[in-house]
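In full-length UniProt numbering, the protein residues as written are 1 to 397.
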């Protein structure tokens, strides 16, 4: 009886027309909810986030909070970089050394040859040739010097040139803080802008795009060195110092001080790992975790910044050429640089600052360490090739 009642009710009220109208209404409701609901879009590692109130990058770049890597100084990318070029997740400092990068290692010999450009890599000759007078009118220069890359030779040469050209060399009182938060980057820009030009400002600090803070870029220049030679020099400098720096300043336990280069490399100690030795590229990539982790994206970002923002990044193995190129590109600072450097050499002062050497490394240890420095060599080869292109453009013998 109850079943018959239910069936009679169903035939009376659930007509085909009403059923169709109800189904259509529910379908439209589901579509509206789906379309209007908020969705998260993927965030490109290279894309900057800007506040609505001012045109300043507001990402957190503190050391203890992972952040996306800096975008190129002049252009904010519109899309994700290819998946294989995204920065990897940060690993703890206690992690074992990662596998060697795929980038080919270059020889450590002083004779420098340019490497071929791989597909997708930044071309070392990008933007060349250009107007040679491009930097001549700029009266602010920044040398964000890389440690253990011949900076003393260049700084002593600059000291000689300040008298000739009437500019100041300003050395930052901050020595070790290289990676900066956004607020600290702005403070750096304000500090430099507050100096009376003309000047050269030098500091161990990562590249900082002045345009991001509404300011005109100064002349950037730098000097790097063969990665393996630099790493060995730094390894022994931290243990034994040089005639100017006492070894005890680094406060190393005796067992670490006495660890040979071979032991460090062949036993896979973190100090000699790929991650711990990725130290030059960040100077040119910028601030943020993505620039400090060994990855191809950081290398290519560093190359882009060199092309777009640096008058020159020279190489210690071709120091005379570096001085000649600087002489032509920024004569207001470096005209007569070779003569000034020869004057510095005649005093013997540079030789007094060479680091004490420990036990010579074995061929096996050097070969293995060179593999771990593969990404650093990728960038180094780019810098060498770009200096060669600038040398040819300027007609320097």
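Cβ atoms here follow ideal geometry from the backbone N, Cα and C, with glycine treated the same way.
Does the Cβ of residue 175 have 16 or more other Cβ atoms within 10 Å, making it buried, or fewer, making it exposed? Position 175 of the chain shown, counting from 1, holds the residue named residue 175. Residue 175 counts as exposed, since fewer than 16 other C-beta atoms from the protein chains shown sit within 10 angstroms of its C-beta.
Once DSSP output is grouped into helix, strand and coil, what is the label at residue 374? Translated into the one-based positions of the chain shown, residue 374 becomes position 374. Residue 374 carries a helical assignment under DSSP once its states are collapsed to helix, strand and coil.
Which first and last residues belong to the beta strand (DSSP E) in which residue 170 is found? Residue mapping note: residue 170 aligns to position 170 of the chain shown, counting from 1. Counting along the chain, the beta strand (DSSP E) containing residue 170 begins and ends at 168-171.
The beta strand (DSSP E) spanning residue 141 covers which residue range? On the chain shown, residue 141 is found 141 positions in, with the first residue counted as 1. Residues 140-143.
Expected contact under 8 angstroms - CB spacing of residue 231 and residue 310 to nearest Å: One-based indexing of the chain shown puts residue 231 at position 231. One-based indexing of the chain shown puts residue 310 at position 310. About 23 angstroms separates the beta carbons of residue 231 and residue 310, which is beyond the 8 angstroms limit, so they are not a contact pair.
I'd like to confirm the pairing. Which residues does DSSP put opposite residue 223 in its beta bridges? Numbered from 1 along the chain shown, position 223 holds the residue referred to as residue 223. Beta-bridge pairing links residue 223 to 314.
Tell me the rounded alpha-carbon separation between residue 261 and residue 290. As a first step, residue 261 is located in the chain shown; it is residue number 261 there, counting from the start. As a first step, residue 290 is located in the chain shown; it is residue number 290 there, counting from the start. CA-to-CA, the gap between residue 261 and residue 290 works out to about 28 angstroms.
Report yes or no: do the region 150-167 and the region 326-339 share at least 3 C-beta pairs separated by less than 8 angstroms? Here the region 150-167 lies against the region 326-339, with 3 or more beta-carbon pairs under 8 angstroms apart.
Let me know if residue 208 comes out buried or exposed under the rule of 16 or more other beta-carbons within 10 Å of its beta-carbon. Translated into the one-based positions of the chain shown, residue 208 becomes position 208. Buried is the call here.
Rounded to a whole number of angstroms, what is the C-alpha to C-alpha distance between residue 382 and residue 144? By one-based count along the chain shown, residue 382 stands at place 382. By one-based count along the chain shown, residue 144 stands at place 144. Linking residue 382 to residue 144 through their CA atoms gives a straight-line distance of about 18 angstroms.
Which class does residue 398 belong to by DSSP, given the choice of helix, strand or coil? Given that the chain is displayed from residue 1 to residue 397, the structure contains no residue 398 and the question cannot be resolved.
When you compare the CB positions of residue 180 and residue 278, do they come within less than 8 angstroms of one another, or not? Counted from its first residue, the chain shown places residue 180 at position 180. Counted from its first residue, the chain shown places residue 278 at position 278. Not in contact: residue 180 and residue 278 (Cβ atoms no closer than 8 angstroms).
How about the region 256-276 and the region 341-353: do they share at least three Cβ pairs that are nearer than 8 angstroms? When Cβ pairs closer than 8 angstroms are counted between the two stretches, the region 256-276 is seen not to touch the region 341-353, the count staying below three.
Starting from the Cα of residue 124, find the closest Cα among 391, 265, 272 and give me that residue. Looking up residue 124 in the chain shown gives position 124. Of the candidates 391, 265, 272, the one whose C-alpha sits nearest the C-alpha of residue 124 is 391.
Any idea if residue 87 is buried or exposed, counting beta-carbon neighbours within 10 angstroms, 16 or more meaning buried? On the chain shown, residue 87 is found 87 positions in, with the first residue counted as 1. For residue 87, the predicted structure reports a pLDDT of 48, less than 50, and the residue's modelled location is therefore unreliable. The matter cannot be settled from this model.
May I ask you to report which of helix, strand or coil DSSP gives residue 328? Sequence index remark: in the chain shown, residue 328 carries index 328 (1-based). Three-state result, residue 328: helix.
Out of curiosity, what's the CA-to-CA distance linking residue 266 and residue 241? Counted from its first residue, the chain shown places residue 266 at position 266. Counted from its first residue, the chain shown places residue 241 at position 241. Approximately 23 angstroms, taken between the alpha carbons.
Express the C-alpha separation of residue 371 and residue 273 in angstroms, rounding to a whole number. Position 273 of the chain shown holds residue 273. Position 371 of the chain shown holds residue 371. Distance between the alpha carbons of residue 273 and residue 371 is about 10 angstroms.
Using CA coordinates, which residue listed in 367, 280, 324 is at the minimum distance from residue 380? Taking the chain shown and counting its residues from 1, the one referred to as residue 380 is at position 380. Taking residue 380 as reference, the option from 367, 280, 324 with the minimal CA-CA separation is 280.
Can residue 328 and residue 132 be called in contact, C-beta distance under 8 angstroms? For the purposes of this step, residue 328 is taken as residue 328 along the chain shown, with counting starting at 1. For the purposes of this step, residue 132 is taken as residue 132 along the chain shown, with counting starting at 1. It is a contact, given that the beta carbons lie within the stated cut-off.
Counting pairs of Cβ atoms below 8 angstroms between the region 197-208 and the region 134-151, do you hit three or more? Yes, since at least three Cβ pairs between the region 197-208 and the region 134-151 fall closer than 8 angstroms, the two stretches touch.
Check whether residue 141 and residue 200 have beta carbons under 8 angstroms apart: Taking the chain shown and counting its residues from 1, the one referred to as residue 141 is at position 141. Taking the chain shown and counting its residues from 1, the one referred to as residue 200 is at position 200. Using a Cβ distance threshold of 8 angstroms, residue 141 and residue 200 count as a contacting pair.
What did DSSP end up calling residue 252 once you bin it into helix, strand or coil? Reading the chain shown from its first residue, position 252 is the one you call residue 252. Note: residue 252 maps to coil in three-state DSSP.
Mind checking residue 322: buried by the 16 CB within 10 Å criterion, or exposed? By 1-based counting over the chain shown, the position of residue 322 is 322. Looking at its Cβ environment, which holds 16 or more other Cβ atoms inside 10 Å, residue 322 is buried.
Three-state secondary structure (DSSP) at residue 391? The sequence position of residue 391 within the chain shown is 391, counting from 1. Helix at residue 391.
To the nearest whole angstrom, what separates the beta carbons of residue 224 and residue 149, a pair I think is in contact under 8 angstroms? The count along the chain shown starts at 1 and reaches residue 224 at position 224. The count along the chain shown starts at 1 and reaches residue 149 at position 149. So it is a contact: roughly 5 angstroms between Cβ atoms.
Using only CA atoms, which one of 369, 151, 384 lies nearest to residue 270? Looking up residue 270 in the chain shown gives position 270. The shortest Cα separation from residue 270 among 369, 151, 384 belongs to 369.
Coarse secondary structure for residue 154, derived from DSSP in three states: The residue given as residue 154 occupies position 154 in the chain shown. Secondary structure of residue 154 (DSSP, three-state): helix.
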